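Here the structure comes first, spelled out in structure tokens, and everything after it is commentary.
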Amino acid sequence: MMEELIGFVMGNKQRIKVLEIIESKGPQPADKVAKFGRLTGPVVGRALEEVAGKGLLREKGGVWEFTDLGVELSKELKKRA
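What follows is the structure, given as structure tokens:
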């Protein structure tokens, strides 16, 4: 399962960037993620929805944050970096 998720995230630069921003800056609204990543709103929105669909992020009150699975994935990616 974790290998599939890592492949899913690593297969798309925007997904990687979105997760890196939330990891480094903490929970953020989508517009801030777009600003920090120098990405367009639609690109960030799609990336957020994709990773949320895999259970890595969730939105609470307009702010995106890691789920427990997302935290676990983030730790695994750091080990491999």
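Numbering (our numbering), first residue to last: 12 to 92.
For every residue, glycine included, the Cβ atom is placed at its ideal position computed from N, Cα and C.
None of the values given here were measured: they were computed from a predicted structure.
Subject >> Within 8 Å, strictly: CB atoms of Leu59 and Trp75 >> reply: For the purposes of this step, residue 59 is taken as residue 48 along the sequence shown, with counting starting at 1. For the purposes of this step, residue 75 is taken as residue 64 along the sequence shown, with counting starting at 1. Less than 8 Å divides the Cβ of Leu59 from the Cβ of Trp75.
Original post:
Counting Cβ pairs closer than 8 Å, one from the region 35 to 46 and one from the region 17 to 27, do we hit at least three?
Top reply: No: the two stretches stay apart, fewer than three of their Cβ pairs being nearer than 8 Å.
Subject >> C-alpha gap between Ser35 and Gly48, whole angstroms >> reply: Sequence index remark: in the sequence shown, residue 35 carries index 24 (1-based). Sequence index remark: in the sequence shown, residue 48 carries index 37 (1-based). Taken atom to atom, the span from the alpha-carbon of Ser35 to that of Gly48 is near 12 Å.
Subject >> Where Pro53 falls: helix, strand or coil (DSSP) >> reply: Counting from one through the sequence shown, the residue named residue 53 turns up at place 42. Three-state DSSP puts Pro53 in a helix.
Original post:
Around the C-beta of Arg91, are 16 or more other C-beta atoms found within 10 angstroms, so that it is buried, or is it exposed?
Top reply: Residue 91 sits at position 80 when you count from the first residue of the sequence shown. It counts as exposed.
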